[in-house]
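Residue numbers (our numbering): 268 to 443.
Backbone N, C-alpha and C fix where the C-beta goes; we use that ideal spot for every residue, glycine too.
Just below is one structure, and these are the notes that go with it.
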């Protein structure tokens with residue numbers, strides 16, 4: 268059960284980072300199957316590789332559905348276009364833990380992109396001293412989705428599968 272909660276938490280982080288910007292800020296990813304590799308430091312969460320089947324509608328829905336949730340938990344959320352991609356800065360608070368994050372997004376949303384995020388969290392279970400973490404998300408387009416997949420499906424390590432369109436279920440896991 269703890270492993271599934273960790274995976275769901277990581278999926279939620281992935282969805283939040285992918286959907287943190289308004290739909291018109293980031294380009295829509297090429298439709299098909301994307302491999303998403305998350306590499307984290309400063310946290311016990313292991314490296315994870317997931318596959319996400321997406322299309323234009325799902326990417327837009329992710330941005331539109333997650334943005335209201337992010338607005339509820341984030342006091343600051345900015346994204347800016349740069350010469351090499353995008354930069355995002357946010358300040359969010361969930362369950363008494365405040366997190367400040369900076370992300371740099373480079374690459375191309377048709378074949379491969381990278382999101383490098385550095386965060387500082389403090390309060391709650393993290394403690395007053397806080398904890399610094401970094402995460403690199405390496406995404407690459409693999410081709411068409413598999414026949415048994417539908418847009419929005421994410422296949423996590425161990426074969427656990429969820430659909431980002433079920434984000435309301437993830438919202439219910441967040442403390443009120």
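For residue i, collect the residues of the same chain with a Cβ closer than 6 angstroms to its Cβ; drop the 5 residues on either side in sequence, then sort them by chain order.
i           : result
residue 419 : 325, 430, 431, 432
residue 399 : 309, 387
residue 347 : 354
residue 384 : 368, 370, 402
residue 350 : none
residue 416 : 320
residue 345 : 356
residue 306 : 314, 403
residue 407 : 302, 379
With a CB to CB cut of under 7 angstroms and the five nearest residues on each side skipped, what residues in its chain are close to residue i?
i           : result
residue 405 : 304, 381
residue 410 : 299, 300
residue 397 : 387, 388, 389
Per DSSP, residue i is paired with what?
i           : result
residue 299 : 321
residue 429 : 421
residue 374 : 380
residue 354 : 347, 371
residue 364 : 361
residue 316 : 304
residue 405 : 304, 381
residue 400 : 386
residue 309 : According to DSSP, residue 309 bridges with nothing at all.
residue 412 : DSSP output for residue 412 lists no bridge partner at all.
Under 8 angstroms Cβ to Cβ from residue i, same chain only, skipping five residues before and after it: list those, please.
i           : result
residue 323 : 295, 298
residue 424 : 274, 315, 316, 317
residue 352 : 371, 372, 373, 374, 380
residue 340 : 359, 360, 361, 441
Hey, out of the options, whose CA is closest to residue i's CA?
i           : options            : result
residue 255 : 415, 361, 350, 407 : Any property of residue 255 remains undetermined from this structure, which presents the chain solely from 268 to 443.
residue 359 : 343, 351, 372, 374 : 343
residue 377 : 321, 397, 416      : 321
residue 292 : 341, 329, 416      : 329
residue 302 : 341, 416, 319      : 319
Does the beta carbon of residue i fall short of 7 angstroms from some heavy atom of the ligand ZN?
i           : result
residue 389 : Ligands in the displayed structure: none, and consequently the ligand ZN is not present.
Report back the beta-carbon spacing between residue i and residue j to the nearest angstrom; my notes put them in contact at under 8 angstroms.
i           : j           : result
residue 357 : residue 365 : About 11 angstroms separates the two Cβ atoms, so there is no contact after all.
residue 426 : residue 390 : Residue 426 to residue 390, Cβ: 35 angstroms. No contact.
Could you check whether residue j and residue i sit closer than 8 angstroms to each other, using their CB atoms as the reference points?
i           : j           : result
residue 421 : residue 413 : no
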